[in-house]
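Only one structure is covered here, and it is reproduced in the block below.
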């Protein structure tokens, strides 16, 4: 997919896994009250990449409706994910199922995978060893691996070295709504991952709960944000999707514009020189 840069200042296309996109917001498809609501929220978000859990029980609901029937596969690039996998072998198997499925649909995300190899069911934090193992195997198999990582900068660099097309450090645990808990670590991830290659994509993935969380992630310098629960479980998901879209754009512009230096004391907005001075008795 090739897109033109937005007319909004600073909103150049996102280059990701050999494709370009005008939106820097990636949105998930799980946890919605209905598939119709999910479809409307995706539209409101302005996203061009949607992530779908490949495990077969996730693709069909209790009414026998296929999730993919509610996603315009000619409009969106589908990013298959390996959610629910707790070892490298299972994650590789699920990734290959996703590739087979999207190959049949002719979707441009057919060689993509959002790789998740989780360490346990309570924290849903990544297993660093299993994640690296699966990344190497999938890269060797021709996948564009967009990999979910902790916010540990060293783990993030190891995944880039393993061949990941993008590293996606967590702002906080999946679905927690805590926002970007450790901003310093995200900045360190950005610094180390982009060292020698400023164009390398780093996406903050997981944990955001509000539009301000998205803006924070983008203001830190992230290339994009991937989220799901913050929209799907909002009181008004479609309205929240609109908010996330605007926050992603404004956060990016704020980062590129460059914030002012923080100071201990106030500085006057207007110069003191040349001001009218009152002299008693005159």
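Numbering (the numbering used here), first residue to last: 1021 to 1302. Ideal placement from N, C-alpha and C gives every residue a C-beta, glycine not left out.
Leaving aside the five residues that flank residue 1103 on each side, the residues in its chain whose CB is nearer than 6 Å to its CB run, in chain order, 1073, 1136. Between residue 1247 and the set 1173, 1148, 1217, 1049, the nearest pair of CA atoms involves 1049. Membership of residue 1112 in the alpha helix (DSSP H) is indicated by the continuous run 1108-1125. The three-state reading of DSSP puts residue 1273 in helix, counting H, G and I together.
For residue 1060 and residue 1109, the gap between their C-alpha atoms comes out near 35 Å. In the structure shown, residue 1134 falls within a strand segment according to DSSP collapsed to helix, strand and coil. Counting along the chain, residue 1148 sits inside the alpha helix (DSSP H) bounded by residues 1148-1160. In the assembly as shown, residue 1097 is a buried residue. Its beta-carbon has 16 or more other beta-carbons within 10 Å. 1197 is the residue among 1197, 1206, 1210, 1243 whose C-alpha sits nearest the C-alpha of residue 1231. Pairing residue 1145 with residue 1187 gives a Cβ-Cβ distance that is not under 9 Å.
At a cut-off of 3 residues, the continuous stretches assigned as beta strand (DSSP E) that sit fully inside the segment 1196-1239 are 1223-1225.
DSSP, read as helix, strand or coil, puts residue 1098 in strand.
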